[in-house]
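Step one of this worksheet: look at the structure below.
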Amino acid sequence: MVLAVIERETDGTPSAASAEVLAAARDLAHRLDLPVAAVAVGEAGDLPEDLVKQGVSHLHLLRHELLADGGPACTGEALAQLVAARRPAAVLAASTTESTEAMAWAAAALGVPLATACTEIRPRPEGCDELWEVTRERSGGILLEDAALDAPVRLCTLSAGGRPTGETAAAAEVTVDVFVPELDAAVPRARRVERAPRAAGMTLATAPVVVSGGRGVGSAEGYAVLEELAGLVGGAVGCSRVATNNGWRPHADQVGLTGTRVHPDLYIACGISGATQHWVGCMGARSILAVNTDPEAPMMRRATWSVVGDVHEVLPAVIAEIRRRSGR
Amino acid sequence: MSPFPDRAQVVVIGAGIVGNAVVHHLARLGWREILLVDKGPLPDPGGSTGHASNFVFPVDHSREITQLTADAARQYTELGTLTTCGGIEVARTPERVQELHRRMSSARAWGIDAELITPAEVADKVPFLDPAPVLAGFWTPSVAVVDPLRAGELMRERATAAGALTVSAMTEVLGIDTDGGRVRRVRTDRGDVETEYVVVACGVWSPRIAALAGATVPLTPAVHQMIDVGPIPELAATGREIAFPIIRDMDPLMYERQSGADLEIGSYAHRPILVDPDDIPSLAAAALSPTQLPFTPDDFDPQMEAALELFASVLDRPDAGIRHAINGLLSLTPDGHPLLGETPEVRGLWSAAAVWIKEGPGVGRLIAEWMTAGAPEIDPQHSDIARFAPHERTRAYVRARAAEGFNKTYGIVHPREQWGSDRGARRSPFFEREQALGAEFFEVAGWERPQWYRANEHLVAELGVADRPHEWDARWWSPIINAEHLAMRRGVAMIDLSAFTSFDVRGPGALPYLQHLTVAQMDRPVGRVIYTPLLGPDGGFRSDLTVVRLGEEHFRVVTGGADGARDRHWFTTHLPADGSVALHDVTSAMCTLGLWGPRARDVLAAVTDDDVSDAAFPFGTARTVHVGSTPVLALRLSYVGELGWELHAPTESGPRLWDALVEAGAPHGLVPAGIGVYGTTARMEKGYRLMGHELDAEHGPVEAGLALPGLKAADFVGKAAYTKAREGEPEATLCTLTLDGARDRAGLRRYPQGGEPLLTLDGERIADRRGRPSYVTSAGAAPSLGTHLLMAYLPPWHAVEGTGLLVEYLGERYRVTVARAGRRPLFDPDDARMRG
Amino acid sequence: MDVLVCVKRVPAVGAEILLTADATAVDTRHLGFTIGPHEECAVEEAVRIAGRTGGSAGVLTVGPAETEEQLRYALSMGADHAVRVDAPVADPQPEVSAAAIASALRDLPPYDLVLFGEASADAGHAQVAFRVACALRRPVVGGVKGIEPGSDTVAVRREVGDGVEVHDAPLPAVVAVLEGLNLPRYPTIKGRLRARKARVRVLDAPSATGGLRTLRLRHRPDARAQTVELGRGAAAAPAVVDVLADLGVVR
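One line per chain: the protein sequences are A, B and C, in this order. Count the first sequence with the working numbering and you get residues 187 to 514, in order. Count the second sequence with the working numbering and you get residues 541 to 1376, in order. Count the third sequence with the working numbering and you get residues 72 to 322, in order.
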């Protein structure tokens, strides 16, 4: 079987990441002509009904009082014992913090490798029975690595994104069994003592939009228009090294090699030429809008969208247009 | 983006400060269809311009570099991209204090405001500097920081606005096609461009680009380390990029400057780290930029310690961190000077490489003027890319000299200092014999030439020659030189002159060709030896040399070793296209011995059956004589003011000629003498001028006292300017001055070396009406006159024999007297000895 | 409190990463080396904890002699001692790294807290901390962005999903941290000079193998298409706002 590790939301439903894991597990199981199994911590709840629709024929529920406060050691240990007992061909999990640490512990306990951040799993390529190949992300996703995975059971976490999820041919039925691992309460472990919703608040590192300014902004006062735009788009203000060095912005605002590396949905680069020193700080952005007088500037060539022009002409016009459309 | 053109008047490759300055000045001088390409993006394509520390220290011992820097600073100022902050070179050792005095002399000579200040005054200007290790400071108020990226943008804008320029960034040059030794086409990844002119302004990549056309740009990329430490609140509080003077901490070979909230520390002290141009990473492969390589901290550690000694108050803080550290690439050349001008290998292929930020726009103007008018306003003699002999263009040589030169960047370099690396490239056939005589070899163009012979040491006492008491004056010098000089004037000496560069010029067009290049009349009888200036288009000196008419259509040109390569380029580029003249460099085929002194005829007569009497072989003529079975071209002339000959023989017969002369000379007191006599003492006693010292493009024959009595009818390069100069009064006259028993404060006799400023008795700087300063062009002993001589151009109101002036040398001033205005020799003024 | 930070030598890459001709490794001919941003935060945190508690901040790496450059970098940031577990390569498989570190921790004087970066900047296996914890039967928490050391426990904070969790772990514990935990300081000049002279303790590694072998590296097919020019000057504003609206950042 191919075992999918299900993460559950607070209400017990599978997380979005788990849906992707299930899709990948189904695909792999199909190629190997094996059944799809799932493992989750806690009570069944609505899970069997959810999972049967997604082609899962076995659901293993891990149950132990030490699993309640969620230390990775306990989950990993429990998972390892389940794998040892059921001997799946592969165990797939999401690349989240929680799943990765449980899988890492399980791999260590089982004495097997763990392939993290996989984008593709190729079982038994070209008639090779034992050796599988995986493709995984390296260097923050800039590179892909093809690797041979040599293990009796293949533990993989999957990089997020890109897999079709959705419903598929349902399994005939789902067998639910409860697996109670042997966990030693005497082994020191971490315990979750508090869980709270994440506080609101905008930081450069977490903002969905970063409005960033460089040499082309021209002065400390010039950032007022960037602040205003950031306010309108729900973003934070950043800057390049030139701005910090000129004393226009504090170092905390600096994006780049020697500043913060940001990963927003949109990075608006205003008057930033895009020297590498800066680029490495913002290349993680999902999209980039560059405004610069020089169409040849590297940032303009690397951006998703570009506007040729002076920051102090373009931005006020954009702000006016936003206000016009929203009637603000 | 503008469409990529398929033809251009000129293609400039490289959009750093130099390329941008070149296109700006070409456009200003009327060039159109200028194409500027760079492989990288704008405004910072990734070359050295993008990471330079951007400061301008105006004072250099070299007048040429000082002029380029001054011009560049004017241009940066005019573009609004220069911030004056002042700068201080600090000394921690007594030897460096002396060097700062020398800097003062250069500052005064070139007319740059500067002052020696005390450690307390240094600390006044830079309050966060600990003056305890400092002995003195050389304060230059005009030191500035510039923004070369902005300056480049503005210069591109101006050329574009003039309708003269197309800029194509992200464009890789794939090839440069030539045809018949001329540039025809530049091939790029955006298309091919037909053109007759290419300027290679590619900094560290220049060797690669020039090689596409088959030319060499002899530089090597080398690492210069720099780090930024901050934030430092005192610097941040200024709110400016730079508000404090830049410190050059000369003894540890490093500098510190404010850069916003940081203190930037740069070093020229670490081991030479040379990079092959082919190993420079691409834009994509580099972490920061192709010329900002990964920092190697081990190399920088001593600099950190040195920096802490001066700047502990701001650097030794837990929150002042090393925020940026790079191994920046810059260009090093074998002699430290830029590589400017048309490459000698390919017509139309120009180099503008190995240029510091402080000279960039000045070089742009120089190149543009040179390309437009055939000569720039500033004499490029020491920067001319044509100056290198073939072996000096090799990778091995460039790397050896660059490695040796790197630590001289802030070093104390004696004016006569010799290089140690890659010596022995060119040896005359006399080399082993000279070595056996204990020759002290100095180098010119790779030739090993005896400067003096230790075998002559006994003459020092015998002839009563005084030593120089001060180590600096005596460095790279020996009293033996003066002894050899006296021995020659007393008897006879032979001097190895094999470093001469010689060309054979033949063909039906030979006479008109030479007439066109020279000031003197070339249409003289066969067998005549003719001394002549060669002028540039504006009438300044391009060279001076000797021409021998060997046949109706056959001439031998003999010029100095130092300038041989440049002269060869000059002669080559002027060859007529019709093939009527053939030019052959016969330097390697010939060796030369000078035989001079009252007994020279006795010696020559003893080794040849030919009649060498004055009647048969008068002064100013050349003949082939036979020394045993060796045919020797003998030229009766002299640069030392004595009876005698230059004997030119086949290289392979050199040892026999030497041995024959030594044997025959013994009864006449023949001594071997070095270039110390030939190039300095004997020459200066006779008032002979030396290219690169007295003779330069800023002065013509009239001012140099070398105007000829008649003006030939034939046209020649520079004739109009020369004719005009002959008709007017000179603005300056080359004078010979005597040093009147100079003793320093310690009571030691002192001997200026050259390059020092001349001052009035009131201590005022002297310059002529064109602003040209009066400084010592040559200095040397005059053993036969019992004095020390200086040569200098003086404006007419000082160029009066008997006038008293001062020379400033290493912080003290010494009384000198104008002994001669003009060329008449101080020693044997009527030339009786050499005509005897 | 005595803290040990495990760091890894990784190439300091630029905008693009070049590969060796056989595509099995990053071409580092033109690159310098560094430690990852998560690890810089770990070193910073260790230095702060050591300073606050009067303890020590050690730094450890697994690899050949050249990896001492990274140890010295951490020393110049304020770490006070360094250990290198000798290994033939600087990028061992995670099982090998874990075995080396676990073995070293058995040999070295006890540490209260062992810090890792969440994942190395190059291979990004994200598992060595947990393998070490498993081998030594120690409590472990990953994804940590806040550390509060107590007398015999440590409280750590991390962001999981849309929530923030606090975990308590008895000491000695293992923690894997994320960038953002703190703002790491730059090395100081004094720190660098001290680091240069510091002695690095070298330990032998046990023999171990891993089961994930790199076959080849390749570039991810570039998802970012050609740049779309939205216009020039103020006239581009409507097109810009259209884009912002499509992204859902303005209405």
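Each residue gets a CB set at the ideal place from its N, CA and C atoms; glycine is no exception. These numbers come from a predicted model, not from an experiment.
- Ala194, Gly195, His196, Ala197, Gln198, Val199, Ala200, Phe201, Arg202, Val203, Ala204, Cys205, Ala206, Arg208, Arg209, Pro210, Val211, Val212, Gly213 and Gly214: these are the residues of the stretch 194-214 of chain C whose beta carbon lies less than 9 Å from some beta carbon of chain A, given in chain order.
- The stretch 1047-1095 of chain B contains, as complete beta strand (DSSP E) runs of 3+ residues, the segments 1069-1075 and 1081-1091 (chain order).
- Nearest C-alpha to Met469/A among Val396/A, Gly421/A and Glu407/A: Val396/A.
- Interface annotation, Thr285/C: in contact with chain A, CB-CB separation under 8 Å.
- Interface criterion met: the Cβ of His101/C is under 8 Å from a Cβ in chain B.
- Look at Tyr737/B here: in three-state DSSP terms it is coil, with no helix or strand label.
- Taking 9 Å as the Cβ-Cβ cut-off, the stretch 205-219 of chain A has no residue approaching chain C.
- Considering only beta carbons, the part of the stretch 368-380 of chain A lying closer than 8 Å to chain C consists of Val373, Pro374, Arg375, Ala376, Arg377, Arg378, Val379 and Glu380, in chain order.
- Our two residues, Val637/B and Arg989/B, have alpha carbons roughly 33 Å apart in a direct line.
- Neighbours of Ile88/C in chain A, taken as residues at a C-beta separation under 8 Å, are given in chain order as Ser325, Ile328 and Leu329.
- For Pro241/C, the closest alpha carbon among the candidates Arg100/C, Ala204/C and Pro258/C is that of Ala204/C.
- By the Cβ rule, the stretch 356-364 of chain A counts as touching the stretch 227-245 of chain A, because three or more pairs are nearer than 8 Å.
- Residues of the stretch 251-263 of chain C with a Cβ closer than 8 Å to any Cβ of chain B, in chain order: Arg256, Tyr257, Pro258, Thr259, Ile260, Lys261 and Arg263.
- Exposure of Gln958/B is indicated by the presence of fewer than 16 other C-beta atoms within 10 angstroms of its C-beta.
- If you keep only unbroken alpha helix (DSSP H) runs of at least 4 residues inside the stretch 139-199 of chain C, you get 139-147 and 165-178.
- Counting only the Cα atoms, Leu675/B lies some 6 Å from Pro659/B.
- Approximately 7 Å separates the beta-carbon atoms of Gln549/B and Tyr737/B; this is inside 8 Å, confirming the contact.
- Of the residues assessed, Glu781/B falls on the buried side of the cut-off, its CB having 16 or more other CB atoms within 10 angstroms.
- Look at Asp157/C: its C-beta is not under 8 Å from any C-beta on chain A.
- Here Lys1264/B is exposed, its C-beta having fewer than 16 other C-beta atoms within 10 Å.
- Remark: C-beta atoms of Met1231/B and Gly1101/B do not approach each other more closely than 8 Å.
- Here the alpha carbons of Tyr993/B and Trp1016/B stand approximately 13 Å from one another.
- For a Cβ distance threshold of 7 Å, nothing in chain A lies close to Ala894/B: the least Cβ distance comes to about 24 Å.
- In this structure Ala254/A is exposed. Its beta-carbon is surrounded by fewer than 16 other beta-carbon atoms within 10 angstroms.
- Here Gly198/A really is in contact with Leu233/A; their C-beta atoms are around 7 Å apart, less than 8 Å.
- Listed in chain order, the alpha helix (DSSP H) runs fully inside the stretch 944-1022 of chain B are 971-976, 998-1002 and 1011-1014, counting runs of at least 4 residues.
- The beta carbon of Thr91/C sits no closer than 8 Å to any beta carbon of chain A.
- Shortest Cα-Cα distance from Tyr1333/B to any of Val666/B, Glu1234/B and Pro1369/B involves Glu1234/B.
- As the crow flies, the alpha-carbon of Thr302/A is around 15 Å from that of Ser204/A.
- Between the stretch 261-268 of chain A and the stretch 290-298 of chain A there are three or more inter-stretch CB-CB distances shorter than 8 Å, so the stretches are counted as touching.
- Within the stretch 263-274 of chain C, the residues whose Cβ lies closer than 8 Å to any Cβ of chain B are, in chain order, Arg263, Leu264 and Arg267.
- Proximity of Arg289/C to chain A, defined by a Cβ-Cβ separation below 8 Å, is satisfied.
- For Cys112/C, the enclosing alpha helix (DSSP H) covers residues Pro108 to Thr124.
- Here the C-alpha atom of Ala489/A lies approximately 31 Å from the C-alpha atom of Gly715/B.
- The continuous alpha helix (DSSP H) containing Glu1203/B extends over residues Gly1194 to Gly1205.
- Taking C-beta separations shorter than 6 Å and ignoring five residues to either side along the sequence, the partners of Phe187/C in its chain run Cys77, Ala200 and Ala247, following chain order.
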